[in-house]
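A short worksheet on the structure shown next.
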Amino acid sequence: MGKNLYQKVWDNHVVQQLDTGQYQLFIALHLIHEVTSPQAFGMLEDKKLKVAYPKRTFATVDHIIPTDSQVRPLADDMAEKMIQVLSDSTRAHGIEFFAPASGAQGIVHVVGPELGLTQPGMTICCGDSHTSTHGAFGCISLGIGTSQVRDVLASQTLAMDPLKVRRIRVEGQLQPGVTAKDVILHIIHILGVNGGVGFAYEYAGSVIDNMSMEERMTVCNMSIEGGARCGYVNPDATTYEYLRGRERVPGGDQFDQAVERWQGYASDFDAQYDDEVVIDANDIRPTVTWGVTPGQAISIEENLPDPDKVDGLERNLITDALDYMQLTGNQPIKGTKIDVAFIGSCTNGRLSDFQAVASVIKGRKVALHVRAIAVPGSEKVDKEVRKLGLHKVFEEAGFEWRLPGCSMCLAMNPDKLIGDEVCASSSNRNFIGRQGSPTGRTILMSPVMVAAAAIEGQVADAREVFNFTGEVA
Amino acid sequence: MSGTPIEKMSGRGVYVAGNDIDTDRIIPARYLTCVTFDELGPALFYDVRFNEDGSSKDHILDDPRHAGAEILISDDNFGCGSSREHAPQAILRFGLKAVIADSFAEIFHGNCTTLGVPCVVMAFEERKELAELVGADPTLDIIIDLEHLQVICANKVFKISVKDSVREAFLNATYDPLDTLLAGRDAIDAVAARLGYSAIP
Ligand code: SF4
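As you go down the protein sequences, you meet chains R and X in turn. By this note's numbering, the letter at position 270 of the first sequence is numbered 270, and the numbering carries on one by one without gaps. Start counting at 1 in the second sequence, then tack on 473, and there's your number in this note's numbering.
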């Protein structure tokens, strides 16, 4: 009987079984950032411990960094202090730090893949739940807490229970105007925000096979929103071509040897799974959230749920979410007025996201009442966008083109919603207060759907606004 | 060993209702700008407890009848979302020492375990009954017995479940795994050598 990728990578990295029954797992790549990691260095120092494998940890700043000006010292004293602690700690422990203006800074889940640090068959962790992103390369990639960041720094290992594996096959062909973001919002809607607890998700099927690496990253990124600790795609030719020639990937003969090794990690054809779900690509429409969890989503063609048609707990959940969002049940989501449009984040802040949007907003204008910002996921993405002149397309359409960071995905930098503003957002969480105002309202959608909403000034169907008729992957 | 064994604990309860309570709600992001966790207690559930002008919304955590409660009771999928350990740290520093819910998100669950805060799973009907008992009489003592996998309150016994490895870790005081992990140093180095993992270029 064959093994799936999760089992192979797990077996390869197990150090030993612990007395509790958990396993000690070696971590191939550890990524850290300024919010969840500085405290871990403090814990190490309290115990007088050193970093075990400093050359397998890399640091960046993303959450608190302003996107208008990154001149140091930052205006926010606490933010400045956090960067300083990270910078000092990494220097003291011999860890490489991608500082602002180094050319490599950016959102941790954008930086790892683009440098080629993220490679198939690795175990990867970071004190950040969206570490699941890296699974796009065929890795076990786990979000961890600060005490575990400490564990990895001190020992390069984690104590873990193995996960079950659910294969999610998305079969068929996506309709024009339907994107990777719609695929994952649809999956979460179907399986629920806690449907993945205890599972790793293996994304497979012809739709996933045909996706680019950046699209696969969008899908894997939101695994955690479905409750799955990690999600992955088996490595294939698309993966290897993406990695070829990247800064931290071996070149020449070594690359060919690496590919051979990477191929071995892919799930065997006769691999066993704990569960399997098949999704028909034809059922997926441009999808938007209407509530306060990423699972509260509907297709742009549908009406909002009607609380009167359900009972009990379900009814309360829907009523509360609609109240918070100031929406009325059984009405279309289309036409909901927006105040802010945000394109960026580790879900949709990569070159292909900005290319897709630039190709449709050229010659159009953002509605007058909408504040629209586009934020590259990294300095490298920013550089590529500028090289292609795409930032001009955004600016001419009325978007602000910002400096790299997490920006309005969460409320730890100056980019925030004000009052009960509604934001059409390409990020991954629509939790209450997520975008910085305790009453702010977030509607998650794909980058092209954000662009359509920005132009119309209200939630709109990108397929109509941009006349999608051709093949859009 | 890294702590003391946790076999049994007791305290008064407080029920914070809601499914899918995420870590952004448990501790809003603006409180994450800190280089230690020491000051997080008062910020627990801040935006749910206080208005923007700082006035109280009379949240149940601020209800004097529940002052000094040590056991948090909630609903389904508690602690979903961000991996921020600030969430369990805020719970702990607020004075709560265990959480009882229908289910937990995984990263949150793991973070709590490491800090010695048991996340105890109870089936919906029983958990609802427990919440009602505590709501009616906040002075009731709740006893969480990890050894026998039960909760006792008002002379009633409620069944609970805790993952085997987690229960082991509490009973053996190895819920903070660092010392155990470090003890495997030679085995760690052997794996690194086998995988060719000395450094990334
Ligand atoms: S972009 Fe958002 S989700 Fe991604 S790492 Fe930053 S804050 Fe987290």
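Built from N, CA and C at the ideal position, the CB exists for glycine as well.
For ligand 1, a non-hydrogen atom lies closer than 7 Å to the CB of H130/R. For G440/R, no alpha helix (DSSP H) segment is defined, and its DSSP state is neither H nor E. Remark: C-beta atoms of P478/X and A656/X do not approach each other more closely than 8 Å.
Of all residues in the segment 401 to 418 of chain R, only L410, A411, M412 come within less than 7 Å of chain X when Cβ atoms are compared, listed by chain position. A direct Cα-to-Cα measurement between D662/X and M1/R gives close to 31 Å. Taking all protein chains in view, the Cβ of A574/X is crowded by 16 or more other Cβ atoms within 10 Å, so the residue is classified as buried. Assignment of R350/R by DSSP, reduced to helix, strand and coil, places it in the coil class. Per DSSP, the beta bridge partners of V170/R are I279/R. The residue from K81/R, A372/R, K380/R, A101/R with its alpha-carbon nearest to that of E247/R is K380/R.
Shown here, G514/X sits in a helix according to DSSP, grouped into three states. Given a length threshold of 4 residues, each whole run of the alpha helix (DSSP H) inside the segment 320 to 400 of chain R is given here in chain order: 345 to 348, 351 to 361, 379 to 387, 390 to 397. Residues are counted here when their Cβ sits less than 7 Å from a Cβ of chain R; for the segment 515 to 529 of chain X these are D520, E525, given in chain order. By a beta-carbon distance limit of 8 Å, G377/R contacts G344/R. Their separation comes to about 7 Å. Remark: the C-beta of N428/R is in contact range of ligand 1, defined as less than 7 Å to any heavy atom. Between V110/R and G349/R, the C-beta gap is smaller than 8 Å, which places the two residues in contact. The C-alpha of F643/X is placed about 9 Å away from the C-alpha of T20/R.
Scanning its chain for C-beta atoms nearer than 6 Å, with the 5 sequence neighbours on each side dropped, one finds around V259/R the residues Y240, in chain order. Set against 7 Å, the gap from the CB of S345/R to the closest heavy atom of ligand 1 is smaller. Under the Cβ distance rule, R503/X counts among the residues neighbouring chain R, one pair being separated by less than 8 Å. Check the Cα spacing between H33/R and each of M445/R, V108/R, K181/R: the tightest is with V108/R. Taking 4 residues as the minimum length, the alpha helix (DSSP H) runs contained wholly in the segment 90 to 130 of chain R are 108 to 115, in order along the chain. Excluding its 5 nearest sequence neighbours in each direction, F551/X has C-beta neighbours in its own chain below 6 Å: I494, A574, F577, listed in chain order. In the three-state DSSP reduction, R503/X falls in the helix class (H, G or I).
About 5 Å separates the beta carbons of I83/R and V61/R, which is inside the 8 Å limit, making them a contact pair. Residues of the segment 585 to 619 of chain X with a C-beta less than 8 Å from any C-beta of chain R: T587, L588, listed in chain order. The Cβ of Q22/R sits closer than 8 Å to at least one Cβ of chain X. By the rule that beta-carbons nearer than 8 Å mark a contact, V51/R does not touch chain X. Within the segment 109 to 139 of chain R, contact with chain X at the beta-carbon level (separation under 7 Å) is assigned to L117, G127, D128, S129. By alpha-carbon distance to E171/R, the top candidate from D415/R, S206/R, M211/R is S206/R. Taken from the Cβ of L117/R, every heavy atom of ligand 1 lies 7 Å or farther away. V664/X carries a helical assignment under DSSP once its states are collapsed to helix, strand and coil. Counting the other Cβ atoms within 10 Å of the Cβ of A596/X gives fewer than 16, which makes it exposed.
In this structure, H621/X has its CB at a distance of at least 7 Å from all heavy atoms of ligand 1.
Under DSSP, L142/R shares a beta bridge with C125/R. In the structure shown, H13/R falls within a helical segment according to DSSP collapsed to helix, strand and coil.
In this structure, DSSP gives E598/X a helical state, which the three-state scheme calls helix.
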